[in-house]
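J.:
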Amino acid sequence: MKTLAILSAALYASSTVAFSVILDTGHTEKHYGAVSPFNKTEFSYNQAMVTTLQRHILARKLDVELVPNTQPDLTLQQRTLYGNKTDLFVSIHHDSFPPELNAQRENLSGFSVFVSQKNPNYPQSLNCAKAVATRLIQTGERRSRYHESDIEGERKTLLDERGVYRYDELAVLKNARSPAILIEIGVIANPSEAKRLERTAVKEQIAKAISLGIADCIKTH
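Numbering (mature numbering (1 follows the signal peptide of the UniProt record, and there is no 0)), first residue to last: -20 to -1, 1 to 201.
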């Protein structure tokens, strides 16, 4: 009887597949995205955060893979192909802002989490976005507040006061077959925030919060 119980437990464990996460490092070394006032590229910020976040996700006993970022001309469509066989696609970015807001740069800071209603798993995407945003706020991060501004390139729909926005045409979100979210970690065009986001302790704190949000999302997946 004891042997049968052990065998049954082993069979159950072998049939249980861990929740899988794909991490996408936004941009490439060639197409590096935004640039901080200190000439540090968004891509380098993204790389550092993805490396830290990967470690925190693994610590929660989840499967995690990275979208290869060594291809200099990796397209947005190619990125989403990696997310077609996963439980959650997470794209990591760092933010900038339109030129019209440059005079306010010292006041523009905080994270944002984006989802697309065109994603085939929009409800799950939104649930995960809210879970991540909640954990970021609980750890002391603040959400950005300019993406809903009536400015060309912005005008995003705020779905949740915790910092979740709808951005239907973001290719990596709408083309992914899995639930998908894009996280803007902070605003590196703001000098103070750019420096803060370089600190190891800050990266660790943010990565831990995101990993906890992903774990929360799993519970209702």
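Using N, Cα and C, we set each Cβ at its ideal position, and we do this for glycine too. Model, not experiment: these values are computed from the prediction.
What's the C-alpha gap between R174 and G166?
T.: Walking along the sequence shown from the start, residue 174 turns up at place 194. Walking along the sequence shown from the start, residue 166 turns up at place 186. According to the sequence shown, residue 174 is Ala rather than Arg. If you take the alpha carbons of A174 and G166, they lie about 8 Å apart.
J.: Taking three-plus beta-carbon pairs below 8 Å as touching, is the stretch 67 to 77 in contact with the stretch 150 to 167?
T.: Contact check between the stretch 67 to 77 and the stretch 150 to 167: three or more CB pairs, one atom from each, fall below 8 Å, which counts as touching.
J.: Please go through the stretch 21 to 103 and give each complete alpha helix (DSSP H) segment of 4 or more residues, from N-terminal end onward.
T.: Counting whole runs of 4 or more residues, the stretch 21 to 103 contains the alpha helix (DSSP H) stretches 22 to 39, 56 to 61.
J.: I think G143 touches S92, with their Cβ atoms under 8 Å apart; what is that distance to the nearest whole Å?
T.: Here residue 143 refers to the residue found at position 163 of the sequence shown. Here residue 92 refers to the residue found at position 112 of the sequence shown. Rounded to the nearest angstrom, the Cβ distance from G143 to S92 is 6 Å, consistent with a contact under 8 Å.
J.: So for G193, helix, strand or coil by DSSP?
T.: For the purposes of this step, residue 193 is taken as the residue at position 213 of the sequence shown. In this structure, G193 counts as helix in the three-state DSSP scheme.
J.: Alpha carbon to alpha carbon, how far is N82 from V15?
T.: For this step, residue 82 is matched to residue 102 along the sequence shown. For this step, residue 15 is matched to residue 35 along the sequence shown. Just so you know, the alpha carbons of N82 and V15 end up roughly 14 Å apart.
J.: Along the chain, where does the beta strand (DSSP E) containing E173 start, and where does it finish?
T.: Reading the sequence shown from its first residue, position 193 is the one you call residue 173. Careful: E173 lies outside any beta strand (DSSP E), inside the alpha helix (DSSP H) at 171 to 176.
J.: Give me the residue from F18, V70, L38, S129 with the minimum Cα distance to A169.
T.: Numbered from its first residue, the sequence shown carries residue 169 at position 189. Here the closest residue by C-alpha is F18.
J.: May I ask you to verify whether the stretch 114 to 127 touches the stretch 25 to 37, counting CB pairs closer than 8 Å and requiring at least 3?
T.: no
J.: According to the Cβ coordinates, are L42 and A(-3) closer than 8 Å?
T.: For the purposes of this step, residue 42 is taken as the residue at position 62 of the sequence shown. For the purposes of this step, residue -3 is taken as the residue at position 18 of the sequence shown. A contact, by the Cβ cut-off of 8 Å.
J.: If you follow the alpha helix (DSSP H) that A151 is in, where does it begin and where does it stop?
T.: Position 171 of the sequence shown holds residue 151. Note, A151: alpha helix (DSSP H), 151 to 154.
J.: Under a three-way DSSP split, which group does I198 fall into?
T.: In the sequence shown, the residue the question calls residue 198 occupies position 218. Secondary structure of I198 (DSSP, three-state): helix.
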